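Here the structure is laid out as structure tokens; the discussion comes afterwards.
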Amino acid sequence: MATMAECRSALDRLSDNLAGAEGDVRSAASLDRSLSCHIKDLDITFTGRLTGGRIQVLDTVEGPPPEKAEIRLAMTGDDLVALVNGELNFAKAWGSGRVRLEAGFRDLLKLRSLL
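Letter by letter, the sequence shown follows residues 1 to 115 of the numbering used here.
Okay, here's the thing in structure tokens:
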């Protein structure tokens, strides 16, 4: 099971990957939205913003997200680490329910290039 530190490190690597992206991925990452990532097996939530092409983690709280972010992710810590390391395909994980992504319809359309 991934630790909280490993999950935080994975989010930092994901942020770096988004910042270095080009084309459609860079366009999708350029949204300015509140973001939460609930790590189900650790029962913690990282909260922050997707802004300027980066993920800014502002806080870590115990339990589910205290407020409804505009973009909401939920998964296990191992799945987060595997996604960022390229060992787990996001679209397949989302389709099978291993990863949950919730956002407004317009944001989902924009984020589809990240899938």
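Here a beta-carbon is modelled for each residue, glycine too, at the ideal position from N, C-alpha and C.
On a predicted model such as this, the values are computed, not experimentally measured, just so you know.
Measure the alpha-carbon distance for residue i versus residue j and round it to whole angstroms.
i    : j     : result
Thr3 : Val84 : 15 Å
For residue i, I'd like the list of residues in its chain whose CB is within less than 7 Å of its CB, leaving aside the five on either flank, ordered along the chain.
i     : result
Leu11 : Cys37, Phe46, Ile55, Val57
Asp41 : Met1, Thr76, Gly77
Asp43 : Glu62, Gly63
In the DSSP assignment, find the unbroken alpha helix (DSSP H) run with residue i in it and report its ends.
i      : result
Val81  : 77-84
Asp107 : 105-111
Considering only residues of the same chain and omitting the five flanking positions on each side of residue i, which have a CB-CB separation below 6 Å?
i      : result
Asn17  : none
Ile39  : Cys7, Gly77
Leu108 : none
Hey, could you find the ends of the beta strand (DSSP E) residue i is sitting in?
i     : result
Glu6  : No beta strand (DSSP E) contains Glu6, which is instead part of the alpha helix (DSSP H) from 4-19.
Ser34 : 33-39
Taking Cβ positions, are residue i and residue j nearer each other than 9 Å?
i     : j      : result
Arg33 : Leu14  : no
Thr60 : Arg106 : no
For residue i, I'd like the list of residues in its chain whose CB is within less than 8 Å of its CB, leaving aside the five on either flank, ordered along the chain.
i     : result
Ala93 : Met75, Asp79, Leu83, Val99
Asp53 : According to the sequence shown, residue 53 is Gly rather than Asp. Cβ neighbours of Gly53 beyond the five flanking positions: Leu18, Ala19, Ala21, Arg26, Ala29, Ser30.
Would the C-beta of residue i count as close to the ligand FMN, meaning under 8 Å from any of its heavy atoms?
i      : result
Arg100 : Questions concerning the ligand FMN fall outside what the structure shown contains, since it holds no ligand whatsoever.
Taking contact to mean at least 3 C-beta pairs separated by less than 8 Å, is the segment 84-95 in contact with the segment 56-72? no
Inspect the CB distances between the segment 98-108 and the segment 70-82 and report whether three or more fall short of 8 Å. yes
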